[in-house]
Every structure is written in C-alpha cells, then in structure tokens.
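The numbering of the sequence shown is the numbering used here, which starts it at 783 and goes up by one. All C-beta atoms, glycine included, are put in the ideal place defined by N, C-alpha and C.
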Amino acid sequence: MNTLEVIETHYLFPSSVFTSATPCQVTTVLGSCVSVCLVDVVKNIGGINHYMLPLWNGSGLASPKYGNIAIDKLIEKMLFMGSKKENLNAKVFGGGNVLDSNINFFNVGERNHSLAVEMLGNYNIPIVAKSLGGEKGRKIIFNTTTGEVMMKFLNRIST
C-alpha cells in the first residue's frame, strides 16, 4: 500500500528566519534578496532566512531584514535546537541584479550574496550548493529535513 507523506508547508516572507525539527517545505521568492538554507546533516533539522539588505548600520531595530543579523539569528536558532556548527551545511540563493537601474547603482544583490559567502566562511560552515547573481529572480522550495532545494528562475519584469 502506498501512502503519501504529509509534510508541513511554510511561506517565508522577506526579513524572516524559520527553523524546524520536523519535515517542512519552505517556499520563498528572491530577487536581490538572499536566502541561506542550513541543514544539520546529523540531526536532519534545517532552517532558512530571507534578507533584503547586507548590513545593519546600528540604528533602529537589529532586524533579520539585514544579512549580518539574519545569518547570525539563523545559526543561533539552529544551535539552540541542538545542532553543532561542524554538522551544518549551507546552500545560498539569490542576490540577483533585478532592481531598477537607479537602485541597482548600490549593487544590493551582489553585496547581499558576498556577505553570505563571507559570513559562512567565518563560521566555517561549508557552502555545498549555490545559485547567486545573474539577471533573474528565483523561487526556491527548501526541505528542512533533507536539505534539498528546488529552484526555478523567474523572468525579469520590465516596467
């Protein structure tokens, strides 16, 4: 008898962090934003963030809107759930050049994905897969238990 596994689903909004010790498929859509997906290969638990800007400047709320905050929070939540840094693998997506040319002057997408690579390197967390930069957005679906990520490129919308 075949049974279909029922798996929880979650949509991850920008400026968010999500972790789960139970199987969950997390969907998010990225343009210049970046998502870091972490999976603990021993405990089979995972987490994902979605940040919009690279660095918090120290004023206002230290929100996961900023990459340096979102990556720290994601790792902190994974460790709180019982993960060890040496058991974590990362997959990183996004950072595309999809914004209006006036905004793109600041290279937000490139700065977002460079920050992720740098911070994960500082934490000694290996990046085992990535799709960064380019001219298109991405839709990703991340399985928190297996670490599998399905990705689809999205066409750029011209205005």
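For residue i, which option in the options has the closest C-alpha, if you only look at C-alpha atoms?
| i | options | result |
| --- | --- | --- |
| lysine 825 | Gly840, Ser802 and Tyr833 | Ser802 |
| asparagine 906 | Ser814, Glu868 and Met863 | Glu868 |
| threonine 928 | Ile922, Gly828 and Leu794 | Gly828 |
| asparagine 904 | Ile922, Lys918, Ile853 and Ala911 | Ile853 |
| leucine 936 | Pro805, Ala844, Val811 and Val823 | Val811 |
Here's the rule: buried if 16 or more other CB atoms are within 10 angstroms of the residue's CB, otherwise exposed. What is residue i?
| i | result |
| --- | --- |
| leucine 861 | exposed |
| threonine 791 | exposed |
| proline 908 | exposed |
| serine 865 | buried |
| threonine 941 | For threonine 941, the predicted structure reports a pLDDT of 47, less than 50, and the residue's modelled location is therefore unreliable. A value from the coordinates is still provided. Burial call: exposed. |
| leucine 914 | buried |
| leucine 794 | buried |
| glycine 840 | exposed |
Could you name the residues that DSSP lists as bridge partners for residue i?
| i | result |
| --- | --- |
| methionine 932 | Ile923 |
| valine 808 | His792 and Phe924 |
| histidine 832 | Ser798 |
| asparagine 871 | Val821 |
Please list, in chain order, all residues of the same chain as residue i whose beta carbon is under 8 Å from its beta carbon, the five residues on each side excluded.
| i | result |
| --- | --- |
| glycine 849 | Val816, Tyr833, Leu835, Pro836, Leu837, Asn894, Leu897, Ala898 and Met901 |
| lysine 855 | Val799, Asn831 and Pro846 |
| isoleucine 851 | Tyr833, Trp838, Ala844 and Ser845 |
| proline 917 | This sequence places glutamate at residue 917; proline is not what is there. Contacts found: Gly878, Asn879, Val880 and Arg938. |
Please go through the same chain and pick out, in chain order, the residues whose beta-carbon is closer than 6 Å to the beta-carbon of residue i, but skip the five residues on each side of it.
| i | result |
| --- | --- |
| valine 821 | Gly828, Asn871 and Gly929 |
| lysine 912 | Val874 |
| glycine 813 | Gly878, Val880 and Gly919 |
| phenylalanine 924 | Val808, Cys819, Ile830 and Val931 |
| cysteine 806 | Glu790, His792 and Thr926 |
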